[in-house]
Every structure is written in C-alpha cells, then in structure tokens.
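A.B. asks:
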Amino acid sequence: MTAGVGVRAGFEELYGYLPEGVWAAPGRVNLIGEYTDVNDGFVLPFALPQAAVAAVARRTDGVLRLHSADQGRSRHGDAARGRVGDVVELAVEGLAPGSVPGWAAYPAAVVWALREAGHRVAAGGADVHLASAVPMGAGLSSSAALEVVLALALAELHGLGLGREQLALLAQRGENDFVGVPCGVMDQMASVCGTSGHALLLDTRDLSHRQIPFDPAAHGLALLLVDTRVRHMLGDGAYVSRRAGCEAGARALGVRALREISPVQLPDALRSLGDMELPGAADADGIRRCVRHVVTDNARVLRTVELLDAGDLPAVGPVLTEGHASLRDDLRVSCAELDLAVASANAAGALGARMTGGGFGGSAIVLAGRDTAGAVGDAVARAFAAAGYAAPGILPVTPSSGARRLV
Ligand code: ADP
Ligand code: MG
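Numbering of the sequence shown is given in the working numbering, commencing with residue 1127 and proceeding in unit increments.
(1) Looking only at C-alpha atoms, which of A1277, V1214, V1260 and H1255 sits nearest to W1238?
(2) Could you compute how far the alpha carbon of H1419 sits from the alpha carbon of R1369?
(3) Leaving out five residues on either side along the sequence, give the residues of the same chain with a beta carbon under 8 Å from the beta carbon of G1514.
(4) If you follow the beta strand (DSSP E) that V1421 is in, where does it begin and where does it stop?
(5) Does the stretch 1288-1308 touch the stretch 1130-1150, meaning 3 or more C-beta pairs lie closer than 8 Å?
(6) Any idea which residues DSSP pairs R1154 with across the strands?
(7) Considering only residues of the stretch 1436-1473, which uninterrupted alpha helix (DSSP H) runs meet the minimum length of 4 residues and lie entirely inside it, listed in chain order?
(8) Suppose you measure from the CA of N1165 to the CA of A1476; what does that come to, to the nearest Å?
(9) Apply the 10 Å Cβ neighbour rule to G1130 and answer buried if 16 or more other Cβ atoms are within range, or exposed otherwise.
(10) Applying the 10 Å Cβ sphere with the 16-neighbour rule, what's the burial state of G1299?
(11) Who pairs with L1350 in a beta bridge, going by DSSP?
(12) Let me know if V1366 comes out buried or exposed under the rule of 16 or more other beta-carbons within 10 Å of its beta-carbon.
(13) Tell me whether A1511, by its Cβ, gets closer than 7 Å to a heavy atom of ligand 2.
(14) On the CB-based measure, 16 or more other CB atoms within 10 Å of its CB, does T1128 come out buried or exposed?
(15) Quick one: what's W1149 bridged to in DSSP?
(16) Around the C-beta of Y1161, are 16 or more other C-beta atoms found within 10 angstroms, so that it is buried, or is it exposed?
(17) Using the C-alpha atoms, what's the distance from M1402 back to P1525?
(18) Quick check: the Cα distance between N1424 and L1328, rounded to an integer number of angstroms?
(19) Once DSSP output is grouped into helix, strand and coil, what is the label at C1308?
(20) Tell me which residue opens and which closes the alpha helix (DSSP H) that P1339 is part of.
(21) With 16 other CB atoms within 10 Å as the buried threshold, where does A1181 fall?
(22) What separation, rounded to the nearest whole angstrom, lies between the Cα atoms of L1349 and V1492?
(23) Taking three-plus beta-carbon pairs below 8 Å as touching, is the stretch 1244-1256 in contact with the stretch 1453-1471?
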C-alpha cells in the first residue's frame, strides 16, 4: 500500500496532476518445471511479494508517456521521486515491433498488443509512472510484472472486461512479438493469477490451472531466493538452441510437443532417437538430453503437486534438487554460481534447492527449515566469497498475491 502512495505522489510530481489509479503486479518464482512451458507442459510458479507498481491515467490524443523510477537511479540519486531519468514519449499510432528501444518496449508492447487485439480505446494513449521492487534480470520476471501491471491498469480503466487468461496472453503477445523475446506464458499467468499461500499449477497446453496450497511458514519451513547477480541474456543463443532441441526431439518422435511423452515411454523414446538419423541436427545427443529433461521435469511438477496436496512439504526438497541436476547435466543451462548456490545450501542443511528461470545466471530457490534458513543463507554467502564471486542477494520469500488495484 505504501508503495502505491509513493508511486501516486511520484506521478503527480512528474505530470502535474493525479493518476486515475495505482496497480501492482508481482514478479514470480517458478518452484519447479523448467523449459516445460515451451513444451506444452506443466509449471508450478508462485507470485512474489515484490511487485511492479504503476500509476496510470488515460489520454485521448494518442500519446503514450512512460516513466520508470528505476531508470537512471544511479545518475540522479533520488529514485523514489517522480523527476528522475527521462520520460519516454511515444505516438501509439507509430508503435510497431522493434520500434521502441530499451525498457520502454515492455509497457509499450502492452499498448501495442491491446491495439492489435482490436481494443481501439488503447490508441488514445496514457501517462504512466512506475516503480518496481522486482530485481531486473534475476530470473524473477520483472518484465512480466511490468507488462501485467500496465495490461491490468488499462483493461480496468477502459472497462475492457478482459479475463485473467486474456490479460496474460496479451502481455505475452507483447513480449513475444513487440519486444521480440520468445517467452512462454507462465510468467504472465503467475503474475496475474498468484494467490497468497498458494502455488499455481499451470498446464501450458490449454492454460487450465489450479491453486495448490503452498504455505511453507505454516509447516515450519522457509523459502530463500539466492540471486547470483549473474545476469542472463535469454535473447542469446543458448535459450533459443534449447528450445530448438526440444522441438527437434518432438518432431523426431512424431508428437506435437514433448509433454506428450510420459516417463514410462521415455526409455523407448530415447532409444528410438538414438537409432534415428536426425535431419539437420548438429547434436543428436543434445536433443536426447533436452527430451529427457523435459519429460522428467514435467513429471517432477506433478510429483511436487502430489506432495503439496498431501501436506508433505519437506519431501519437496529432494525433488527440487533432482530438478537442478537435470537442468545442470541434461539441459545444461546452469552455471557455476547457480551450482554453488544449490550445493552450498544443501550442504548447510537445506531440504533442497534448484536454479529457477531460464538459467545461465539469475536465481536459485532454496527450501529449508525455518530454524536453519538463516544459517543456510550465511553458508551460501560464505561459499560465494570463498569462490571469489560477487556477494549473492539472499531474499526470504513467501507465496503472495497476484496483480491487483492498490489505489
Ligand atoms: P527478468 O524478466 O528475468 O527480470 P528480462 O530480461 O526479461 O529479465 O527483463 C528485464 C528488463 O525489463 C529490464 O532490462 C528492463 O528493460 C525491463 N524492466 C524491468 N523492470 C523495470 C523497471 N522497474 N523499470 C524499467 N524497466 C524495467
Ligand atoms: Mg523476463
């Protein structure tokens, strides 16, 4: 709520009048199910307490003004106030994929996607001032938080009557087609649908979803996020090549997506890939590894849901650690810092841990007993110092609410 008041005041200072409202949309952590969303599979994210907060007012002259308190912080110092960094001013009519450089592409993408979806009112434009507590580039979906907060604000202000899935799909379309990042829909769905004390079981094939009770504190447990401070570049070749590996595997196995292969079918599937000439595949072994990761991680999501439904939260720990091994050894999207975060947390008595997000940096999630979490965090920090890595960010988190109006 206080964030809402500060952002409202920042809007007034910046634009000289009061916004029509203030909205929040959280970042997310994926508990388990990595790269499954781009294979029509299951994921199990939850919403973070950290959110993007946006103060918004509609315009009618086709001008979109965007300002983030988090841009230019180092240059100007006082980021909580409105008058920091530059206001980006755009003509809605001129919005086209690739036309907006930098951070403003994310909110502009939402206006573009609304316009493309036939919501003409969005073309009137808006004034936006925002601030976000979601760390950028840490694998916690600061980008989806930005998109979703603006999508919700504009949908409510214009009375568009969009449902939760429609909002998420709109935001995803913006990120895919306007910004040019080939993300799945998990991030946006988690930011829209998050519920405190729950994780969201999402079937990315049809977007059906179920809230799964997940309240570690009520079970004497705690969750820690370890931000390795290593910044991923999802646009770079590795993410694209893993997706391509999955698609090549699905094609070779004659299924639409790898989610259709069950763990029981996996040994046969891997054997048949071994015998096959894979046309154009530079690395048949890489494709087999992608297939094995996706099929086993999809099963780990369902196993985790079973455990959460049964209230056996401690047993989730080893499933997380198994998931990490699969991402490290099969999909090969981890990095030395993530591996150290997981190994040092587990050595210090955590119940389990894994990298979360696209990999190559970003964050790891750790499940620990409430009484050991502090020592686990200290042990991870010590291990990073001993390895000569930058100090990690260690953040206790708890499954929190999704996008909502604040003021
Ligand atoms: P992630 O979503 O994992 O945090 P991405 O690379 O997908 O990482 O998105 C990060 C980008 O989103 C930033 O580089 C920036 O362009 C934009 N962004 C996120 N939060 C903010 C913010 N508070 N202000 C301005 N831009 C932001
Ligand atoms: Mg992102």
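Glycine residues also receive a C-beta, built at the ideal position from the N, C-alpha and C atoms.
C.D. replies: On the basis of the supplied data:
(1) The alpha carbon of W1238 has as its nearest neighbour, out of A1277, V1214, V1260 and H1255, the alpha carbon of A1277.
(2) Rounded to the nearest angstrom, the gap between the Cα atoms of H1419 and R1369 is 12 Å.
(3) None.
(4) Unbroken run through V1421 is the alpha helix (DSSP H), A1410 to D1435; no beta strand (DSSP E).
(5) Taking a contact to require three or more Cβ pairs closer than 8 Å, the stretch 1130-1150 and the stretch 1288-1308 do not qualify as touching.
(6) A1173, per the DSSP bridge assignment.
(7) You should have 1442-1451 and 1462-1473.
(8) Approximately 30 Å, taken between the alpha carbons.
(9) Under this definition G1130 is a buried residue.
(10) One detail in the question is off: residue 1299 reads as Arg in this sequence, not Gly. R1299 is buried by the Cβ-count criterion.
(11) Answer is V1492 and P1522.
(12) By the Cβ neighbour-count rule, V1366 is exposed, with fewer than 16 other Cβ atoms within 10 Å of its own.
(13) In this structure, A1511 has its CB at a distance of at least 7 Å from all heavy atoms of ligand 2.
(14) Classification for T1128: exposed.
(15) Assignment of beta-bridge partners to W1149 by DSSP yields A1180 and R1531.
(16) Taking all protein chains in view, the Cβ of Y1161 is crowded by 16 or more other Cβ atoms within 10 Å, so the residue is classified as buried.
(17) Taking the straight line from one Cα to the other gives about 44 Å.
(18) Pairing N1424 with L1328, the inter-Cα distance amounts to about 11 Å.
(19) Per the sequence shown, the amino acid found at residue 1308 is Pro instead of Cys. In the structure shown, P1308 falls within a coil segment according to DSSP collapsed to helix, strand and coil.
(20) In the DSSP annotation of this structure, P1339 is not part of any alpha helix (DSSP H); the continuous beta strand (DSSP E) holding it starts and ends at H1335 to P1339.
(21) A1181 sits buried, since 16 or more C-beta atoms from the chains shown fall within 10 Å of its C-beta.
(22) If you draw a straight line from the Cα of L1349 to the Cα of V1492, it comes to about 6 Å.
(23) These segments do not touch.
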